[in-house]
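These notes concern the structure reproduced below.
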Amino acid sequence: EHEAKIKAIAEHYGYEHQVGKMYEELSELAVALTHKDEENIIEELADVLNVAEQLAHLLGAKKKVREVMEAKLDRTLSRMHQIA
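Okay, so the sequence shown: first residue is 239 according to our numbering, each after it adds one.
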């Protein structure tokens, strides 16, 4: 199960290590985006999303992160409707 894998990896490596891993994965995603390499973008995006879930788990903030994500989506949609 996805959640069990996220939890196991997060708890094995811990917060400090996964923060470093996030920096690494974000920079790799930035390079892939710069090179416009779709296959590599997908790989690096998956890495970033996995580490993001691990960090949210380690912060005990998975629900809060989801709530903030939804609020940001709603705010963007609201702005889009104001412009249209």
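Built from N, CA and C at the ideal position, the CB exists for glycine as well. Because the structure is a prediction, the values reported are computed rather than measured.
Classification of residue i by the beta-carbon crowding that lies within 10 angstroms, buried from 16 upward
{"i": "Q256", "result": "buried"}
{"i": "L267", "result": "buried"}
{"i": "I321", "result": "exposed"}
{"i": "A242", "result": "exposed"}
{"i": "A248", "result": "buried"}
{"i": "E282", "result": "buried"}
{"i": "V269", "result": "exposed"}
Three-way DSSP call (helix, strand, coil) for residue i in this model
{"i": "K300", "result": "helix"}
{"i": "K274", "result": "coil"}
{"i": "E239", "result": "coil"}
{"i": "A322", "result": "coil"}
> Does the segment 269-281 come within contact of the segment 302-311, defined as at least 3 CB pairs closer than 8 Å?
Replying inline: no
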